[in-house]
Amino acid sequence: MNLAQTYLGEKFLQTTLNYILNNPERNLPALVSLAEKVARDPNHKRNIESIKRIMNDENNVWRKYALRLLKQTHPNVKRKVLVNFFLNASLLGVPKQNEIAKRLGTAVPFTILVDPTERCNLNCTGCWAGDYQRREELDYETLDRLFTEAEELGIYLIVLSGGEPLIRKDDILALADKHRDQVLHIFTNATLIDDDFVEDLQRVGNITFAISIEGFESTTDERRGKGVFKKVINAMEMLKEAGIIYGFSATYTRKNTEELGTDEFVDLMIEKGNVLGWFFTYVPVGKDVDLDFMATPEQRAFMFEKMRHWRQTKPIFMVDFWNDGEASYGCIAGGRRYLHINARGDVEPCAFVHFATTNIKEVTLKEALCSPLMKAYQKRQPFNTNLLRPCPLIDNPEALREIVHESGAYSTQLGGADVDEYVDRISRYSRHWGEVADDIWAKYHPCACQEQARASAD
Ligand code: SF4
245 MNLAQTYLGE
255 KFLQTTLNYI
265 LNNPERNLPA
275 LVSLAEKVAR
285 DPNHKRNIES
295 IKRIMNDENN
305 VWRKYALRLL
315 KQTHPNVKRK
325 VLVNFFLNAS
335 LLGVPKQNEI
345 AKRLGTAVPF
355 TILVDPTERC
365 NLNCTGCWAG
375 DYQRREELDY
385 ETLDRLFTEA
395 EELGIYLIVL
405 SGGEPLIRKD
415 DILALADKHR
425 DQVLHIFTNA
435 TLIDDDFVED
445 LQRVGNITFA
455 ISIEGFESTT
465 DERRGKGVFK
475 KVINAMEMLK
485 EAGIIYGFSA
495 TYTRKNTEEL
505 GTDEFVDLMI
515 EKGNVLGWFF
525 TYVPVGKDVD
535 LDFMATPEQR
545 AFMFEKMRHW
555 RQTKPIFMVD
565 FWNDGEASYG
575 CIAGGRRYLH
585 INARGDVEPC
595 AFVHFATTNI
605 KEVTLKEALC
615 SPLMKAYQKR
625 QPFNTNLLRP
635 CPLIDNPEAL
645 REIVHESGAY
655 STQLGGADVD
665 EYVDRISRYS
675 RHWGEVADDI
685 WAKYHPCACQ
695 EQARASAD
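Position one of the sequence shown corresponds to residue 245 (this note's numbering), numbered consecutively onward.
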């Protein structure tokens, strides 16, 4: 019996959702009331209160966003994603994760990020996964076991990355079919999306995407290869037509920050049907490591301000993986809210932190959560009282050094990585960002109310 059945009865839930989704504009308030009844976590109750206020204001950008999302999404996708994400993963999954975490004495995350393969059909400059050997795979049986173990822990959002995950399309569809209570969110270069696959996506309904893009055509093609931008736009149009939920994923570097930070870029993404967007800053791990490719602290500050502006003006849900540290009360890695399992099976705290103490082929997910590396991570979180400096990799590298030495973690990087060498190289950047970030923090938090930030994040 799944979680939704346990609490409401699947039939009742489906009937109610069908009614709401037939006319979202009129029936959305009913959806919010339904969520209000199901919510058990006090933070969820508070969030639902805010959503109610938004829904009553016709000019609110988030109301426009919700209606756009519901109108453009295929009925089967809407049903699956609403039930699996909002009910299973959030309203019911989070309390279960918290309950199990108390028993285990270690955090149970909201999501896990898994690489089914490290093979890729592109060869992008500065890829964070480019230092892997491009041969390793997690076989179907291991992935299936992981999905099952995740469900047992109350985790109903599985993120896939790579390599290019869609090289394993058939296995992914089989997993989505078998694990029908899960939402799969796939980071992809989108070049392998075709008509047959799109038909399968409508059928299974529980797969969503984040599509990599670097800016407009010449910038995208320069980093990802000639012709890739056109293929990306074509894939977005196919997914939009089919009513699949997807967004973009963009990495800002020293070269493209000002381009990604334009209203024109975000408007193009909205026009092409993206309902979410991930911004990452380039980190010097992976292929062709280059500190001069990193966005400068001033560029990172520019993106911080742009995000604040867009959140008031653009009907799209966007996250900046580093600059939104305040929303998540700092770093989410190390099993606190997520962890990463690479295609070799190494259990890493984060996709960008290439160290591990366990391999999922030898342990269960529960055992991996209790590993020395995750414990060393969690006991130091948050890594900084300024939540705009959340990261042990680029903002607080001394913490990374301590964690690796204390846990005895091995490097998962091709040829091995020396943590001391890395920390020495990144320290100048982190000091400089520290100064800029402290100014921004003081500007927006004259009384620096940490407890309040924690309450709203947890
Ligand atoms: S380790 Fe850094 S990149 Fe990874 S989740 Fe934490 S803050 Fe983000």
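Note that beta-carbon positions come from the ideal geometry of N, C-alpha and C, so glycine has one too.
Helix, strand or coil at residue i [DSSP, three-state]
i    : result
Y309 : helix
W685 : helix
E396 : helix
F509 : helix
D564 : strand
D383 : coil
G449 : coil
F441 : helix
V358 : strand
I430 : strand
Y666 : helix
E606 : coil
V597 : strand
I489 : coil
Buried versus exposed call for residue i [16 or more other C-beta atoms within 10 Å across all chains shown]
i    : result
Q696 : Residue confidence is low: Q696 scores 48 on pLDDT, short of 50, so the model does not pin down where it sits. No coordinate-derived value is stated.
D590 : buried
P641 : buried
K687 : exposed
E396 : exposed
K521 : According to the sequence shown, residue 521 is Gly rather than Lys. Classification for G521: buried.
L326 : buried
P690 : exposed
L366 : exposed
Q341 : buried
G704 : Because the chain in this structure spans residues 245 to 702, residue 704 falls outside the shown range and cannot be described.
Q625 : buried
D439 : exposed
G349 : exposed
S294 : exposed
S674 : buried
T506 : exposed
P353 : buried
D511 : exposed
R307 : buried
Sequence-distant residues of its chain with Cβ nearer than 7 Å to residue i (five each side left out)
i    : result
D682 : N630
A701 : For A701, the pLDDT reaches just 49, beneath the cut-off of 50, and the residue's location in the model is therefore unreliable, although a value from the coordinates is still provided. Same-chain partners within the cutoff: A571, S572, Y573.
L417 : D444, V448
Check: residue i C-beta below 6 Å from any heavy atom of the ligand SF4
i    : result
L637 : yes
P626 : no
P528 : no
P634 : yes
V327 : no
V597 : yes
C594 : yes
Own chain residues within Cβ distance below 8 Å of residue i, not counting five before or after
i    : result
F330 : A279
L272 : I264, M299, A310, L311, L314
V358 : L382, L387, L390, I402, V403, L404, S405, H584, I585
R197 : With the chain running from 245 to 702 in the structure shown, residue 197 is simply not present.
E665 : none
E393 : T608, L609, K610
N603 : R588, G589, D590, V591
Range of the contiguous beta strand (DSSP E) that encloses residue i
i    : result
A420 : That residue, A420, is in no beta strand (DSSP E); its alpha helix (DSSP H) goes 413 to 422.
R644 : According to the sequence as given, residue 644 is Leu; it is not Arg. Segment 641 to 651 is the alpha helix (DSSP H) holding L644; no beta strand (DSSP E) there.
F523 : 520 to 525
V321 : Here V321 belongs to no beta strand (DSSP E); instead the alpha helix (DSSP H) covers 319 to 325.
L637 : Segment: none, L637 is in no beta strand (DSSP E) and carries neither H nor E.
L401 : 401 to 404
Contact test: residue i Cβ vs the ligand SAM heavy atom, cutoff 6 Å
i    : result
A577 : This structure lacks the ligand SAM; the ligands present are the ligand SF4.
Same chain, Cβ closer than 6 Å to residue i, neighbours up to 5 away in sequence not counted
i    : result
C284 : Residue identity check: residue 284 is Arg in the sequence provided, not Cys. Counting only Cβ-Cβ distances below 6 Å, and skipping sequence neighbours, we find P339.
W685 : N630, L632
I576 : Y582
R412 : P360, T361
S456 : N433, S493
Span of the alpha helix (DSSP H), counted from its first residue to its last, around residue i
i    : result
I298 : 286 to 299
I344 : 337 to 348
L609 : 609 to 613
T497 : Where T497 is concerned, there is no enclosing alpha helix (DSSP H), given that its DSSP letter is neither H nor E.
V472 : 472 to 486
D465 : 461 to 468
K623 : Run containing K623: none; DSSP gives neither H nor E here.
K550 : 541 to 557
Short CB-CB distance (under 7 Å) between residue i and chain C
i    : result
M299 : Of the protein chains in the structure, only one exists, and it is not chain C.
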